[in-house]
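Structure, as structure tokens:
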Amino acid sequence: MNTKRELTCIVCPIGCSLVAELCDGKVVSVTGNTCPRGKVYAETECVAPMRTITTTVKCKNGEMLPVKTATPIPKEKMAEAMEIINKANPDLPISVGDVIIESVFGSKIVAAKNLD
Ligand code: SF4
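Residue numbers (the working numbering): 1437 to 1552.
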């Protein structure tokens, strides 16, 4: 059975309106994308949506450190991932790219700012 799903591409700020056509749970066509990244986004979003997390953690000295997932994680794991990330309490100094948590649902959590 064919179904259509309307999406807004979130890969870049343009936000193209996409329509994905699915047949038996598989994406068979994507329209509305103005670049190949939109097609990949729609295909992933319809089958196994992924998200990047950007948030902050409190360092031992009380300063807030911006952190992010190094690679996207499954969308349905975001709440659980936030519970894990919120428990981090790193020591300074920290440089951009330092690993704050080794693995959260398949992604490292890395620092997004230098803090001395
Ligand atoms: S399809 Fe391409 S141009 Fe359009 S929002 Fe997605 S990434 Fe941006």
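Note that CB positions come from ideal geometry on N, CA and C, so glycine has one too.
- prompt: In three-state DSSP terms, what is residue 1532?
  reply: In the sequence shown, counting from the first residue as 1, residue 1532 sits at position 96. Correct three-state label for residue 1532: coil.
Counted within 10 angstroms of its Cβ, other Cβ atoms place residue 1481 as buried (16 or more) or exposed: Locating residue 1481 in the sequence shown gives position 45, counting from the first residue. Looking at its Cβ environment, which holds 16 or more other Cβ atoms inside 10 Å, residue 1481 is buried.
field: Short CB-CB distance (under 9 Å) between residue 1443 and chain C
entry: Of the protein chains in this structure there is only one, and it is not chain C.
Among 1521, 1509, 1507, 1451, nearest to residue 1495 - alpha-carbon criterion: By 1-based counting over the sequence shown, the position of residue 1495 is 59. The candidate whose alpha carbon is nearest that of residue 1495 is 1521.
query: Less than 8 Å between the CB of residue 1488 and some heavy atom of the ligand SF4, yes or no?
result: Within the sequence shown, numbered from 1, the residue matching residue 1488 stands at position 52. In this structure, residue 1488 has its CB at a distance of at least 8 Å from all heavy atoms of the ligand SF4.
query: Helix or strand or just coil, what does DSSP make of residue 1480?
result: Position 44 of the sequence shown, counted from the first residue, corresponds to residue 1480. Assigned with DSSP and collapsed to three states, residue 1480 falls in helix.
query: Between residue 1510 and residue 1497, what straight-line distance do the alpha-carbon atoms span, to the nearest angstrom?
result: Against the sequence shown, residue 1510 aligns to sequence position 74. Against the sequence shown, residue 1497 aligns to sequence position 61. Going from the Cα of residue 1510 to the Cα of residue 1497 covers about 32 Å.
Contact test: residue 1467 Cβ vs the ligand SF4 heavy atom, cutoff 8 Å: Counting from one through the sequence shown, the residue named residue 1467 turns up at place 31. Incorrect: residue 1467 has no Cβ contact closer than 8 Å to the ligand SF4.
field: Distance CB(residue 1473)-CB(residue 1503) smaller than 9 Å
entry: Taking the sequence shown and counting its residues from 1, one reaches residue 1473 at position 37. Taking the sequence shown and counting its residues from 1, one reaches residue 1503 at position 67. No. Outside cutoff.
- request: Since I believe residue 1532 is in contact with residue 1550 (beta carbons under 8 Å), could you give me their beta-carbon distance rounded to a whole number of angstroms?
  value: Stepping through the sequence shown from its first residue, residue 1550 is reached at position 114. Stepping through the sequence shown from its first residue, residue 1532 is reached at position 96. That belief holds up - the Cβ atoms of residue 1550 and residue 1532 are roughly 6 Å apart, short of 8 Å.
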